[in-house]
Structures are given as C-alpha cells and as structure tokens.
Amino acid sequence: MKTTIATLRRGQRALIKEITSDNIPLKLLEMGCLPGNEVKLVRTAPFECPMYLVVNGSHLAIRKEIAAQIEVQII
Amino acid sequence: MAKQIKVSLIGNPNTGKTSVFNLLTGLNQRVGNYPGITVEKKEGVCKLNNGTKAHILDLPGTYSLNASSLDENVVIEVLLNKKNKYFPDVAVVVTDVENLKRNLLLFTQIKDLEIPTILVINMADRMSRKGISLDIPTLEKELDTKIALISARKEQGIEQLKKCIEQYATLSQAPCLDPLSFEPDYFSRLQKAFPNQSLYKLWLVITQDVNFRKVNKQEITIDPDFKIKTESELKRLQQKETIKRYQFINAVLKKGFTIDKSTATGFSAQLDEILTHKVFGYIIFFMILLLIFQAIYGWTSYPMDLIDEGFAWLSETAKANLPSGPFVDLITDGIIPGLGGVVIFIPQIAFLFLLISILEESGYMSRVVFLMDRLMRKFGLSGKSVVPLISGTACAIPAVMATRNIENWKERLITILVVPFTTCAARLPVYLIIISLVIPDEKIGWVFGYQSLTLMFLYLLGFITAVGSAWLLNKILKIKSKSYFVVEMPGYKVPLFKNVAINVIEKTKAFVFDAGKIILAISIVLWVLASFGPNDKFNKAEETVTQQYNDLSEEELENKIASHKLEYSFIGYAGKAIEPIVAPLGYDWKIGIGIISSFAAREVFVGTLATIYSVGSDDEGTIKNKMASEVNLVTGGPLFNLASGLSLLLFYAFAMQCMSTLAIVKRETNGWKWPTIQLVSMSALAYVAALIIYQILK
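These protein sequences, in sequence, are chains A and B. So the first sequence is numbered by UniProt numbering: it starts at 1 and just counts up by one. So the second sequence is numbered by UniProt numbering: it starts at 1 and just counts up by one.
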C-alpha cells in the first residue's frame, strides 16, 4: 500500500513525494502542499475526515479522499 | 485640486487586510457591489500627510491570482485591465508575519503585473512570541520594493504605510520572476507570438480564459494556437509556476527571515486540543449554538418591544396631529407600520451578525467547519454549510450570500436551496400569534409549556426539513463536481472591536435597505388595494353600515365600516377569489389575503391581519382577540382552532414566502431556474402538509 497523507498517524511528520492527480485543488498547492515540503498530521475529526494538517507552515484541513492522493515519505 | 492616488488593497484571507483597511479609512468607507455581480465592493478614502487623497479599494481576499471563484476573479479584473475604473496606481499587499512564506506567493504575482507594489507585513506584535526576526532592508532589496512593518491590532506602523503610499512613484515596477523560468518551451513560444506584451499578463488572460471565458479582452487578444485545451494541462503549468515562485520566496526568506522555534509558544495548538476535540469540541459547539439562540430570541425581546411600541406611538401621533385624508392614511396606516416591520428585526439581525463576526474573527468558525464537515456531507452539504444554516435562523438573505466560500458547486447549490427552510426571524411573529391562539397555555410537568414546546418543535422541523431535503437533493441532482475542500485553520485571535463593529453596522444596513425597500413597497401596495374598491359597495360603505346598525357606539361602528370596506375593496375581491383554494386548509378569505401578501415577505402577515381585522394598531393583544372571535362560516366553530392553527404553522414553516430571498438566489445561481424550483416545490410541500394536518384534525 502506498503511504499517503491519509495513512499518517496523528502527530506523524512526512515529506511530500509527488502530486500527480488532477483532482488536487490548485488552492492546496498554493498553500504550500508541494513536493519536497514537510507535512504533519495534527489531528482528524471523527471517522478520520477531514484531516487537520500543517504544511509549509500553513494550518489547513482537507478531506480524506484528497489526502489519499498525496504520496508522502514518513520522516 | 489635490492629486488623488488609487490604491488597491490585496491579501490572503486571515491576514488582517480588513483591519488595515479600517485603520486607513476609519468610518470613511462605502460598501457596494461591483457592476453586475454580487461581490461586495469596499471603498474608502484616506487623507495622506501631504494633502493627497488616497482612494482605497479593499479587494476580496484571495490566495493567488489563479482565481477559482467569482470573488477572486474580481481581483484579476481590476488588476489586469488598465482601462478598468479601479485600476490602481499602487497595490498594497497585506501579509501576516506568521504566514509570510505563503502570503508572499500572491505578492510575487502582483509584482509581476508590473504595478508598483508595497508589501505590508502585519501582526508585528506577534513576532517576539513566535520567535520571528526580520531583516527589513534585506527583504526590501530582495523583493525590490518598500515594506511597511505594522501591527493593525496595536495601530502601529500606519504612518509609515501612508508615507510609502505617498511616495509610490519611486517604487520599482520590475517583476520578481520571469515566466520563461516556469516552462521555457511554452512561454518562449508565447513570447515569440506576442513580442510586445507582458508575458505574465498574457498567461493570466489565458488561465482566466479556461476558467471563466469572459475576461475583458480589449487589451490583449489571444491567438487560438495558444489556448490551453484541457484543465489538466493548465494545472500542470500552474503547478510549475507555483513551485518556481516558492523557490524564489524561500531564497528571499533565507536571507531576511529567521525563526527561533525554541522561543515560540503554541497557544493556538493548545486551544485546538479542546476546541476540535472529538467529544468536547462538539459539546462546546452546541453550547455556543444554544447561546446564540438565547441571545437572538431571549435578549433581543426588550429592544424589539421598544421599537414596536415606538412605531405604534409614531403612527398614533401622526394620526392625531396631521389633517386626515388619503395621503395621511397612507403614511399612518401604510408606510409607518411597514417601516416598523423592518426596523423591528434590527436587534435580532445585528445580534446574530455580532456573534457570527466574533466567531469568524477569532478563527473559531474554521474549527466548526472542520468538526461538522463529515456529518454534513452525509446530507450532500459541506462543513462550510454550517455558517449559512446558522445565519438562516435570522435571515435567509445573508445566509445565501454566506455560501460563497463553498468551493464545490453542488454542495453550494444544495445549501442555497435548503437554507430558506431554517426558521428565520420573519416567521417568528407569525408563529407567536398563532401558537398563542391555538395551543393551550398549560405546562407538562414543572417546566415545559405546550406553547414553548411547539415553538421549539417548529425550529427543529425547519432544521430537519432543511437537512432532509438536502439529502434528497443530493440523490436527485446529477451535478458532477470534485470534492474541493480546503479550509485554512488560522491562529486564534482576540477579535478587534473596530472590525466587528464595522461589520455589524454594514451588514445590518444592507439588510435594512434591501429588505426595507421591498417591505415598504408591499405595504404601500397592500394599503392601496385595501383602501380602494372597484364599485359602489366600497364607496357607499359608510351609508350601508350606518343604516344597518344604528344602535352601535361610534367606535364599533367605525370598525364595522372598516371591515365592510375591506370586504369590498380590491384586496377583498382578490381574497374571495382564492378562498376555494385555501378553504381545504381551513382558512377563510382573510387569511388567504394574509398568505398572499406573505409571499412578498412573511412578516407582512401579522400587519395584514391587523389591517383586515380593522384594528388600528399592530398591538398583538387586540389582533389576537379579534382573531379568536372569528367564526368559520362552514363549520360554525372558531376559525382559529387546533386544526387550522397547526395547518397555518406548517404552511409558514415550509412555504417559500420571501421575494428578497428569491431575488438573491436568482443572483447567486445566475438565473430564474433555481429560485423557481425553490418557490414551486417549497410552496407545494407547504400546501400538502397543511392540507393533510387540517383534514386529519378537523
């Protein structure tokens, strides 16, 4: 199974490996969700959606199905 | 005449852009709309030290120039087209020192448009707490512009900003990045084709063309060869652009920005532990909701009573002191009560806006969106639908406008369609008078009265119907839209009083004038229809009644004449014409008129009944007595009994009776299709529900 933001555990940090899908909103990229940047899963709402992240210094929440399309490498 | 400078204020959401605007302009500002669209336009004037006036335009908050919403598109329209009325002499980009890296993305884009651009770094007061230090001269050199380091909260640094604006002509207009570096292949081809144009502007026109297809192209026309065919190709290029921009920003910040994490404190993180907790988070949210309802329906009753009495007094005084005649009647019976019908909602609306803007300013609203998204999605809504649904309990108009930040069109449309089911303030007077007529004033056990339980049930009914129909619409509507959902979770901040106050004043003013115009017009039309009749039965009412009843006191006689006149007035005939339609619901022609006029605005109902039952003032006590003594001519029993009362309550709970809401839905959905569907289906539901309950209970 691929490691994505959706598979991170609470408090875990990772580096974004690749963003290929067309389904990723541009706004997310603009907020710094880009390859090479660090992402941390702060917490999730019940049933793991949405997910509260810190990326590139930005605090933001995204839904799990988008998180599942962002491949990461745990550090 | 002193020279004037046109300034555009630009920035990401949550950077304190509005605080900077308020500080520069004070109360010297105007809110309106951009021509043809409903995007809010805020303008203000700021007097600079050398006597020049700066005209400041507060553009909608945006994360970048790659606009995805109507609000954001305005920014591009203004900045791209030199012939635009608002095209600035100088752009001021407001950033938050804590999110400088992300905020600079927009700055580099604006700078690349070759407009003089001042960088404002706001929230300087938080720097020491976050362990941030800045090397301003280096940053100024790297970014090739002037920087104003300010704290809008502490009102520091504004003078420096004013000085920068004053001297805008000395600013460099050189761009930060060369678009050739994004993707040499595509952009060099573009440059060869249009050697005289700014490459970045060309690129923006192309991106807007894919997304909006309607940007003003007077200045630049694009050869079809360079049109980007697919959205994914566009996105690929935009991703490259974003990466290049961040590379540039990182290089700049490496030289002029240091953060010492060891001295940083995480106040927001600790608050989030509680406020977004899986259990406590929800408990706190529901406590806040309870508080909001208590505030709107408990605490506002005093000012509302005062307003009510004030208008009744005004009407009486005018009657007593002005010579009688049709024109004075129009003022005392039409316009004054009509205005009172609008003004009475000001306390509730203002209180709701006050609480919502405190919650928004503090950063808590984003947490609500986070907590509620999963639950709301089950019904085809978004976490971002929560704010509109709460606002809807005051008024559907601001609620529909609050749906704008829902990115997903289907979720946004569903929210717009179901919001009018929530129990708005205008339904309350109708509910109150009918409940007091037909529900016994008795208690179950110690605490709960039947009347208050009925009212609570009606609120629940509104909410459940909204959510239930959202679920149904989600199943029916075949709109393909991607699950775009990105919410910024800004750091918690104590709301600034000035921002909250200005927001409340502006929103309330907009409501009063928008709704006021319609209510005023309707009350005048109603008055005319009720004051004139088509034939002699109306004109000779006084003679007929006086002959019929000669043993009545003067006051009783006057009431009789008034109701006789009403019966044979234009509106009386209209009421008689629709009686067959409303009779199965348990209503007579008078209630029919009340309902018809309520399609303009629900709150008209009580006022209409007041006119119809020939009671001079809007005082509920007397209307109530009149209504209680009305007899149903078919059954012989009282007209308002449990069956007809519940039927009326359900009708008002479901029916789409608000022209202003329909007008705003038309604007927000770009056409008459959705408001028509809304009007027809909600009213059909109302009719059927009222019919069923009356036929069962009668």
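Quick reminder that beta carbons are idealized off the backbone N, C-alpha and C, glycines included. Being a predicted model, the structure only gives us computed values, none of them experimental.
If you run the structure through DSSP and keep just helix, strand and coil, what is A:Arg13?
Locating residue 13 of chain A in the first sequence gives position 13, counting from the first residue. The answer is strand: DSSP assigns A:Arg13 an E or B state.
Among B:Leu106, B:Thr508, B:Ser629, which residue has its Cα nearest to the Cα of B:Pro638?
On the second sequence, position 638 is the one that residue 638 of chain B refers to. Taking only the C-alpha atoms, the option nearest B:Pro638 is B:Ser629.
Considering only residues of the region 95 to 131 of chain B, which uninterrupted alpha helix (DSSP H) runs meet the minimum length of 4 residues and lie entirely inside it, listed in chain order?
100 to 111, 127 to 130
Looking only at C-alpha atoms, which of B:Asn66, B:Ser151, B:Pro137, B:Lys255 sits nearest to B:Val97?
Counted from its first residue, the second sequence places residue 97 of chain B at position 97. Measuring from the Cα of B:Val97, the nearest candidate turns out to be B:Ser151.
Determine, using beta carbons only, whether A:Leu60 comes closer than 9 Å to chain B.
Position 60 of the first sequence holds residue 60 of chain A. So, interface residue.
Who are the Cβ neighbours of B:Glu114 in its own chain at under 7 Å, not counting the five residues just before and after it?
By one-based count along the second sequence, residue 114 of chain B stands at place 114. Hits under 7 Å: Gln173, Pro175, Ser198.
Among residues of its own chain, excluding the 5 on either side of B:Leu290, which ones have a beta-carbon nearer than 8 Å to its beta-carbon?
As a position in the second sequence, residue 290 of chain B is number 290, starting the count at 1. Same-chain partners within the cutoff: there are none.
Rank B:Arg377, B:Arg427, B:Tyr573 by C-alpha distance to the C-alpha of B:Ala655 and give the top, closest one.
Position 655 of the second sequence, counting from 1, holds the residue named residue 655 of chain B. Looking at the Cα atoms, B:Arg427 is the closest of the given residues.
Any contact of the region 25 to 41 of chain A with the region 353 to 369 of chain B, i.e. 3+ C-beta pairs under 8 Å?
no
Residues bridged to B:Thr258 by DSSP?
Along the second sequence, read from residue 1 onward, the residue named residue 258 of chain B stands at position 258. Its beta-bridge partners are B:Ser133.
Given that B:Ser64 touches chain A, what residues does it touch there, using C-beta distances under 7 Å?
Walking along the second sequence from the start, residue 64 of chain B turns up at place 64. Neighbours of B:Ser64 on chain A, chain order: Glu30.
Could you tell me whether any Cβ in chain A is nearer than 9 Å to the Cβ of B:Ile76?
Counting from one through the second sequence, the residue named residue 76 of chain B turns up at place 76. No, because no Cβ of chain A sits closer than 9 Å to the Cβ of B:Ile76.
Just curious, the beta strand (DSSP E) that B:Cys164 is in, first and last residue?
Position 164 of the second sequence, counted from the start, is the residue given in the question as residue 164 of chain B. According to the DSSP assignment, B:Cys164 belongs to no beta strand (DSSP E) but to the alpha helix (DSSP H) extending over 158 to 166.
What did DSSP end up calling B:Phe448 once you bin it into helix, strand or coil?
Translated into positions along the second sequence, residue 448 of chain B becomes position 448. Reduced to three states, the DSSP call for B:Phe448 is strand.
Step through the CB atoms of chain A and report whether any lies within less than 9 Å of the CB of B:Asn99.
For the purposes of this step, residue 99 of chain B is taken as the residue at position 99 of the second sequence. So yes, B:Asn99 belongs to the interface.
With DSSP as the reference, label B:Gln197 as helix, strand or coil.
Here residue 197 of chain B corresponds to residue number 197 of the second sequence, with the count starting at 1. It is coil, neither helix nor strand.
Kindly identify the DSSP beta-bridge partner or partners of B:Gln29.
Taking the first residue of the second sequence as position 1, residue 29 of chain B is located at position 29. According to DSSP, which records beta bridges pairwise, B:Gln29 is partnered with B:Gly44.
Could you check whether the region 123 to 143 of chain B touches the region 494 to 506 of chain B, counting it as contact only if at least three pairs of C-beta atoms, one from each stretch, sit closer than 8 Å?
no
Using only the alpha-carbon positions, how far apart do B:Leu642 and B:Gln678 sit?
If you number the second sequence from 1, residue 642 of chain B lands on position 642. If you number the second sequence from 1, residue 678 of chain B lands on position 678. Whole-angstrom Cα-Cα distance: 29 Å.
Residues in the same chain with beta-carbon distance under 7 Å from B:Ile358, minus the five sequence neighbours each way, listed in chain order, please.
Residue numbering aside, residue 358 of chain B sits at position 358 when the second sequence is read from its first letter. Result list for B:Ile358: Pro495, Val500, in chain order.
Note down the Cα distance separating B:Glu219 from B:Lys82, rounded to an integer number of angstroms.
The count along the second sequence starts at 1 and reaches residue 219 of chain B at position 219. The count along the second sequence starts at 1 and reaches residue 82 of chain B at position 82. Here the model assigns B:Glu219 a pLDDT of 41, short of 50, so the residue's position is not dependable, and the following value carries that caveat. Roughly 8 Å separates the two Cα atoms.
Give the secondary structure of B:Val78 by DSSP, where H, G and I count as helix, E and B as strand, and everything else as coil.
For the purposes of this step, residue 78 of chain B is taken as residue 78 along the second sequence, with counting starting at 1. Looking at B:Val78 - three-state DSSP - the assignment turns out to be helix.
Determine the chain A residues that contact B:Phe370 at a beta-carbon separation under 8 Å, and present them in chain order.
Translated into positions along the second sequence, residue 370 of chain B becomes position 370. Under the 8 Å cutoff, chain A gives Ala45, Pro50, Tyr52, Ala61.
Okay, do the region 49 to 59 of chain A and the region 96 to 111 of chain B touch, 3+ Cβ pairs below 8 Å being the bar?
yes
Going by CA-CA distance only, name the one from B:Glu142, B:Thr108, B:Glu231 that's closest to B:Phe257.
Numbered from its first residue, the second sequence carries residue 257 of chain B at position 257. Nearest option by C-alpha distance: B:Glu142.
Return the first residue and the last residue of the beta strand (DSSP E) that B:Ile358 is part of.
Here residue 358 of chain B corresponds to residue number 358 of the second sequence, with the count starting at 1. Judged by DSSP secondary structure, B:Ile358 falls outside any beta strand (DSSP E) and instead within the alpha helix (DSSP H) spanning 346 to 362.
Using a Cβ cut-off of 9 Å (strictly closer), state whether A:Gly57 contacts chain B.
To locate residue 57 of chain A, count along the first sequence from 1; it is residue 57. So, interface residue.
Buried or exposed, going by whether 16 or more other CB atoms sit within 10 Å of the CB of B:Gln208?
Within the second sequence, residue 208 of chain B is the residue found at index 208, counting from 1. Its Cβ being crowded by 16 or more others within 10 Å, B:Gln208 is buried.
Helix, strand or coil, according to DSSP, for B:Lys540 in the structure here?
The residue labelled residue 540 of chain B in the question sits at position 540 within the second sequence. Correct three-state label for B:Lys540: coil.
If you check the beta carbons only, do B:Val78 and B:Pro88 fall under 9 Å apart?
Translated into positions along the second sequence, residue 78 of chain B becomes position 78. Translated into positions along the second sequence, residue 88 of chain B becomes position 88. In this structure, B:Pro88 lies closer than 9 Å to B:Val78 by Cβ.
Would you say B:Ser391 lies against chain A (beta-carbon separation less than 9 Å)?
As a first step, residue 391 of chain B must be located in the second sequence, where it is residue number 391. With 9 Å as the cut-off, B:Ser391 does not count as an interface residue toward chain A.
Under three-state DSSP, which class holds B:Ser188?
To locate residue 188 of chain B, count along the second sequence from 1; it is residue 188. B:Ser188 falls in the helix class under three-state DSSP.
Using a Cβ-Cβ cut-off of less than 7 Å, give me the residues of the region 330 to 353 of chain B that come near chain A, in sequence order.
Cβ contacts with chain A come from no residue of the region 330 to 353 of chain B.
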